[in-house]
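Chemist: Can you read through this structure? Questions will come right after.
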Amino acid sequence: MDSKTWFKNAKYGMMIHWGLYSLPAGEWKGERMAEIGEWLQQYFRIPNAEYHRLASVFNPILFDAEEWVKLAKDAGMQYMVFTAKHHEGFAMYRSRVSGFNIADATPFGRDVMAELAEACYKHGLKFGVYYSQEIDWSEPNGGGYTRGKTWGGGKAYWTNNWDFPDDEHKDFSQCFEAKIKPQVREILTGYGDLCLIWFDTPGVITPAQSDELYRMVKTYQPDCLVNSRIGNGRGDYSSAGDNEIPDDDKKEQLFETPATLNDTWGYKSFDNNWKSPERVREIREHLNARGINYLLNVGPDYLGRIPAPAAEILRRAKA
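Residue numbers (my numbering): -17 to 301.
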């Protein structure tokens, strides 16, 4: 079966947002954030010198790749998409490009992405990765610097403009060449067959840069699909807006809705606004009837556990 036919038939997948943001879990210095947990550094404008110290205590001793994969299988999911690197710039795999990664910068010292890839292979679940190809708050020339403010009542921006305030002279091409491209190459060559790469939040990335990333994916892994958030109209399939539930007619092209199980993507200890199993099933059936895959997110905690309510909902929501 070719990759596009597989994707069309897959219908249901698990997305996993996991990073250093799971440690503060939505709280910082006595304040709780109202927004999505993985944006904590940006929301509170935490300097890298302070935020990066979280790596020194990140030790998710209860992480078990096989448990996560078995949960996805039990829920009827056909693929997994794991955050190799989110906007904080921290790699959740052993990166030779940047020492700011889970294997080298934490007491845990393990490559969780390698363990997940192996568990997916063992249990017959397709494995894909999320990679933030533009926004990187750990880098002086990380992108997003032309987009201004985002949500949070004007508190948050797309770029790191507290450590690196001179937006006018930022040059994303330096970050792209020094970090983005070599890390994407690491992912493509070190983790077996990937069903897809899920890029995100394009802004300053140029058409030529989007094309270069796309060609790299197809050179190393011709069957690996690329989503539309690579930017500039490129990609093999369309990613809807976050939690967007289209009501239109059946889509002939490849299409996917990424969605949350509560109100956040990354773990927030106090977000208990869970969708019911019935609601999850209703959304999945609605999307699938229109030819749209349902990519449903879970946010593991700082010990490596998928929250118990999330696991229970996914199992009960199985058709």
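Note that beta-carbon positions come from the ideal geometry of N, C-alpha and C, so glycine has one too.
Buried or exposed for Thr246, please, with buried defined as at least 16 other CB atoms from any protein chain shown within 10 angstroms of its CB.
Modeler: The residue labelled residue 246 in the question sits at position 264 within the sequence shown. Under this definition Thr246 is a buried residue.
Chemist: Hey, quick one: how far does the alpha helix (DSSP H) through Glu70 stretch, first residue to last?
Modeler: Indexing the sequence shown from 1 puts residue 70 at position 88. Here Glu70 belongs to no alpha helix (DSSP H), and DSSP marks it neither H nor E.
Chemist: Do you know offhand how far Cys102's Cα is from Lys108's?
Modeler: Locating residue 102 in the sequence shown gives position 120, counting from the first residue. Locating residue 108 in the sequence shown gives position 126, counting from the first residue. So the alpha carbons of these two residues sit roughly 6 angstroms apart.
Chemist: Buried or exposed: which applies to Ala99, given that a residue is buried once 16 or more other Cβ atoms fall within 10 Å of its Cβ?
Modeler: Residue mapping note: residue 99 aligns to position 117 of the sequence shown, counting from 1. The residue in question, Ala99, is buried, as its Cβ has 16 or more Cβ neighbours within 10 Å.
Chemist: Mind the definition here: the stretch 181 to 200 touches the stretch 224 to 239 only if three or more C-beta pairs lie below 8 angstroms; say whether that holds.
Modeler: Verdict: no, contact absent.
Chemist: For the beta strand (DSSP E) containing Met95, name the first residue and the last one.
Modeler: Working through the sequence shown from its first residue, we reach residue 95 at position 113. That residue, Met95, is in no beta strand (DSSP E); its alpha helix (DSSP H) goes Val94 to His105.
Chemist: Using the Cα positions of Asn41 and Lys232, report the straight-line distance between them to the nearest angstrom.
Modeler: Locating residue 41 in the sequence shown gives position 59, where the first residue counts as 1. Locating residue 232 in the sequence shown gives position 250, where the first residue counts as 1. Asn41 and Lys232: Cα-Cα distance of roughly 45 angstroms.
Chemist: Below 8 angstroms on the Cβ atoms is my guess for Phe154 versus Val186; work out the distance and round it to an integer in Å.
Modeler: In the sequence shown, the residue the question calls residue 154 occupies position 172. In the sequence shown, the residue the question calls residue 186 occupies position 204. The Cβ separation is near 5 angstroms, so the contact holds.
Chemist: Can you look up Trp140 in the DSSP assignment and give me helix, strand or coil?
Modeler: Position 158 of the sequence shown, counted from the first residue, corresponds to residue 140. Trp140 falls in the coil class under three-state DSSP.
Chemist: My understanding is that Phe237 touches Gln191, with C-beta atoms under 8 angstroms, so please give their C-beta distance in whole angstroms.
Modeler: The sequence position of residue 237 within the sequence shown is 255, counting from 1. The sequence position of residue 191 within the sequence shown is 209, counting from 1. Contact flag wrong, Cβ pair sits at about 24 angstroms.
Chemist: What does DSSP give as the partner residue(s) for Lys108 in the beta ladder?
Modeler: Translated into the one-based positions of the sequence shown, residue 108 becomes position 126. Lys108 pairs with Tyr61.
Chemist: Pro204 by DSSP, collapsed to three states: which one?
Modeler: Within the sequence shown, numbered from 1, the residue matching residue 204 stands at position 222. Of the three classes helix, strand and coil, the one that applies to Pro204 here is coil, per DSSP.
Chemist: Per DSSP, what kind of secondary structure is Met198 in: helix, strand or coil?
Modeler: Within the sequence shown, residue 198 is the residue found at index 216, counting from 1. Looking at Met198 - three-state DSSP - the assignment turns out to be helix.
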